[in-house]
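This report refers to the structure that appears directly beneath it.
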Amino acid sequence: LNFVRTERGDLVVGFVSDITERRAMEREGRRSETLSALGALAAGIAHELNNPLAVVSSRIDLMLERGRELPAEIREDLMVLQRHVERTSRISRNLLALARQRPGTRQPLNLNDAVEDAITLVNGDNSDNAVSVDLALTSGLPLVMGDPTGLEQVLINLVMNAREARARRIRIESGHAPDRPGFLRVTVADDGTGIDPETRAHLFEAFLTTKPKGTGLGLWMSHRIVQEHGGSLEAHDEPGGGARFVITLPAMAAAASEGPPPQ
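Numbering (this note's numbering), first residue to last: 1497 to 1759.
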């Protein structure tokens, strides 16, 4: 606002500017700085994790090779450990690929299989039987072109977050997205403590956490993984309390027609 004197009397001149583009550029600048920092962090994590993981994996292989007379229960436990070591190595590589903005390896994927595999992994590490997970998966869904490890990690993050929010019931549904033809939807809903409005405004930003020992990277990584697949991840309040996360992904036919997701 400016004040001017004219022959017609005193006037106030107001200028209104649309700063949407400027604010978007500022956010993009902060995002680039964050990704640069995460790239250095991810490189260090991958280096520090891969060496001990390689040692653990080689020792497990040796024990399985030489311990052919071991009881079946011990061999099964060793094989479980081996699978988790391999999975941790893939997660480490995926973190590095995400920070460097490189998409992971894609393949035709059944979303229901990804949900069931994620729940199997979570239940294998869960000692709290008070949390129930209900599945309502629609059969016959088309495939998506995706990275199995990345999408499973998204689902694991959402389920673990629900448990840490003191949820006692988690419901996971899959089906066609009703408002987006050619897209599929996976919904993870819980009856936990929910998300306060202040946290919701910055929910998918890096390093944001409400947990005493949290890193603030779980939801950021999940959001980025889904975006890399050409989809979206949204958070909503669940009626009666709790939170509901909605993953929307293009089916293979839709993904092929739309081309690669925008960066």
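Here a beta-carbon is modelled for each residue, glycine too, at the ideal position from N, C-alpha and C.
Check	Outcome
Candidates Val1640, Arg1740 and Leu1745: closest to Arg1720 by CA position	Leu1745
Length of the line joining the Cα atoms of Asn1608 and Ala1626	24 Å
Presumed contact (8 Å Cβ cut-off) between Leu1729 and Leu1680, rounded CB distance	Not quite, the Cβ-Cβ distance comes to about 13 Å (not below 8 Å), so this is no contact.
Beta-carbon spacing of Asp1692, Gly1738 below 8 Å	no
Reference Leu1633, options Arg1602, Ile1666, Gly1671 and Glu1648, closest by Cα	Gly1671
Bridge partners - Ile1691, DSSP secondary structure assignment	Bridge partners of Ile1691: none, in fact.
Nearest-angstrom Cα separation, counted from Gln1578 out to Gln1759	Low confidence applies here, because Gln1759 scores a pLDDT of 41, under 50, leaving its location unreliable; read the following figure in that light. Cα to Cα, Gln1759 sits roughly 35 Å from Gln1578.
Residue range of the unbroken alpha helix (DSSP H) whose run includes His1719	Gly1714 to Glu1724
Limits of the beta strand (DSSP E) - the one that Glu1730 falls within	Ser1728 to Asp1733
Environment of His1725 [buried if 16+ CB atoms lie within 10 Å]	buried
Among Gly1714, Glu1701 and Glu1669, the one whose alpha carbon lies nearest that of Ile1743	Glu1669
Where the beta strand (DSSP E) containing Thr1683 begins and where it ends	Phe1679 to Asp1686
Per-residue DSSP class, three states only, for Pro1567	coil
Where Asn1498 falls: helix, strand or coil (DSSP)	strand
C-beta atoms of Ser1588 and Val1650 nearer than 8 Å	no
For Glu1648, the first and last residue of its enclosing alpha helix (DSSP H)	Pro1644 to Glu1660
Pro1674, enclosing beta strand (DSSP E) - first and last residue	First-last for Pro1674: undefined, no H or E at that position.
First through last residue of the beta strand (DSSP E) which encompasses Ile1515	First-last for Ile1515: undefined, no H or E at that position.
Leu1633: first and last residue of the uninterrupted beta strand (DSSP E) it sits in	Ser1628 to Leu1633
Proximity of Leu1497 and Val1508 at Cβ, strictly below 8 Å	yes
Rounded distance between the beta-carbons of Leu1639 and Met1748, thought under 8 Å	5 Å
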